[in-house]
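Numbering (UniProt numbering), first residue to last: 1 to 526. Every residue gets a Cβ at the ideal spot worked out from N, C-alpha and C, and that includes glycine. Worksheet for the structure shown next.
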């Protein structure tokens, strides 16, 4: 019996196992000692002692591993997001992207990200920018009000403990000791609100690149996605501003009613339900429907700060010191790339809304508010989810679709005038017919006609021309079986009760995603 090879294999794998503790490490050292003794004397008694030690070590490791996974599932059984993230990280440990990391490598990656935005903005062909055709009139938000200590404590308690590597106190520890420092933090927050000044330390982001998809080549920097990490206290400040800003926007109904992104009681499913419902109503009335999914390149990163400040004033009704606060918020922002302890020099961020921030998505929604006026002018239906734009138009076979073509051209020019780049090659189109057994009428959509597909992916849901949803069902089944194969690694570790929680997190969540779109599909597919 070759006991040495398994022991060496276990030695290699166990280095990164998070469930190992001092007891298991001590037992492993004993196994190594007995192994060396047996190799030296080759006595049967030495072999039996080594085998017994090996058996006890494996037993203790299995017990520690089982308790480790059980504690994760038990602690996060009511928070599927955290449970998925934690279990997924253990099932698929994050591998180092690069064999060797240096400050020069971090600088190269940062320069690539910054150059990408510069190139996109340089490719945008602007006309003479003219003011938006429609500017609503409503009340003004002239200043942000200081908050109470109780309000601050409630805000911090509800926030996730995520921050930046630059945080002096780790966010999780800061939340635990917050009662001791809350008065000092309150002074920082209220001074920022009343003086309309954002501390410079709050405006520095640490970028940590990850692969967009597993298996891609990390040496091709276009395969990397920068994850932006901001200081925890900067997020606290943004959360306070966000609450007062949203209250103002809701009071005066500033937000586009057809925007589902990052809004309370809105989601991708509400966007799907609205679009699917309108398409079905049009098909039932004998119309053909063309659905266009616009693709914007790095939309959050190319936003122009001057235009955004103007839009906050004219469309959102923000003025006075509240507007000055946003001027300070965008001024002197910077970022650097950090990998495995190595870091690049900081570089200024001249454009875009801060990635990883609380205010960023809301500010983007306000930035594109005038788009709705263009769609309404052309009588074209639309629905937005942040930068994902769905345009759909109903027509009879004898009716021209020039209205839709004109609308898309005006939208494209408006995007260019506002430093947003429409990626024509990734813009998808699909045409639905009232009778799926007849040939689909292909409308003339100008330069986008070659982009017509039989199946498209819309906010994670695959839509086919017949709306039978077979593509979505097949994709969901494929994804669920993949996750089941991964979960099978845990079936000998977790009890049935805990395993059910993991299945709900990894499988049921996928079955539930926008499942209202499956209403009315065939029983076989269901």
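So, using beta-carbon positions, are residue i and residue j closer together than 8 Å?
i, j, result
"residue 68", "residue 18", "yes"
"residue 493", "residue 65", "yes"
"residue 262", "residue 386", "yes"
"residue 454", "residue 472", "no"
"residue 514", "residue 272", "yes"
"residue 301", "residue 351", "yes"
"residue 428", "residue 451", "yes"
"residue 406", "residue 378", "yes"
"residue 297", "residue 421", "yes"
"residue 501", "residue 73", "yes"
"residue 366", "residue 316", "yes"
"residue 218", "residue 114", "no"
"residue 530", "residue 395", "The structure shown does not extend to residue 530, since the chain spans only 1 to 526, so no value can be given for it."
"residue 278", "residue 433", "no"
"residue 197", "residue 328", "yes"
"residue 91", "residue 489", "yes"
"residue 207", "residue 110", "yes"
"residue 358", "residue 247", "no"
"residue 456", "residue 430", "yes"
"residue 205", "residue 356", "yes"
"residue 274", "residue 369", "no"
"residue 416", "residue 124", "yes"
"residue 159", "residue 236", "yes"
"residue 485", "residue 332", "no"
Since residue i is in the alpha helix (DSSP H), which residue starts that stretch and which ends it?
i, result
"residue 305", "305-314"
"residue 114", "103-123"
"residue 84", "80-91"
"residue 431", "Element bounds for residue 431: not the alpha helix (DSSP H) but the beta strand (DSSP E), 428-432."
"residue 171", "171-176"
"residue 363", "360-367"
"residue 513", "It is not in any alpha helix (DSSP H) - residue 513 carries neither H nor E in the DSSP assignment."
"residue 57", "44-75"
"residue 196", "Where residue 196 is concerned, there is no enclosing alpha helix (DSSP H), given that its DSSP letter is neither H nor E."
"residue 38", "22-41"
"residue 372", "370-377"
Please confirm whether residue i has its beta-carbon closer than 8 Å to some beta-carbon of chain C.
i, result
"residue 452", "The structure shown contains no chain C; it holds only a single protein chain."
Could you give the residue range of the beta strand (DSSP E) that holds residue i?
i, result
"residue 527", "Nothing can be reported for residue 527: it is not among the residues displayed for the chain, which extend from 1 to 526."
"residue 413", "Residue 413 -> not in any beta strand (DSSP E); alpha helix (DSSP H) instead, spanning 402-417."
"residue 381", "381-385"
"residue 152", "Taken as a continuous stretch (DSSP letters only), residue 152 belongs to no beta strand (DSSP E), being part of the alpha helix (DSSP H) at 149-158."
"residue 239", "Careful: residue 239 lies outside any beta strand (DSSP E), inside the alpha helix (DSSP H) at 232-251."
"residue 225", "224-229"
Which one or two residues does DSSP pair with residue i in a beta bridge?
i, result
"residue 395", "288"
"residue 204", "334"
"residue 297", "421"
"residue 355", "DSSP, once it has assigned bridges, lists no residue as partnering residue 355."
"residue 259", "384"
"residue 18", "DSSP output for residue 18 lists no bridge partner at all."
"residue 343", "338"
"residue 211", "224"
"residue 348", "334"
"residue 318", "141"
"residue 390", "293, 383"
Using a Cβ-based criterion (distance less than 7 Å to any ligand heavy atom), does residue i qualify as near the ligand PLP?
i, result
"residue 165", "With respect to small molecules bound, the structure shown includes none, and the ligand PLP cannot be examined in it."
With three or more C-beta pairs closer than 8 Å as the rule, is the stretch 96-106 touching the stretch 327-340? yes
Enumerated in chain order, which unbroken segments of the beta strand (DSSP E) with a length of 3 residues or greater are wholly contained in the stretch 446-507? 455-458, 461-464
Below 8 Å, can you find three or more Cβ-Cβ pairs linking the stretch 212-222 to the stretch 181-190? no
Does the pairing of the stretch 222-232 with the stretch 151-164 give three or more beta-carbon distances under 8 Å? yes
Should the stretch 140-160 be called in touch with the stretch 172-179, which here means at least 3 C-beta pairs below 8 Å? yes
Under 8 Å, with one C-beta from each stretch per pair, do the stretch 390-397 and the stretch 247-256 reach the 3-pair mark? no
Would you check if the stretch 79-87 and the stretch 504-512 touch, i.e. whether three or more CB-CB distances between them fall below 8 Å? yes
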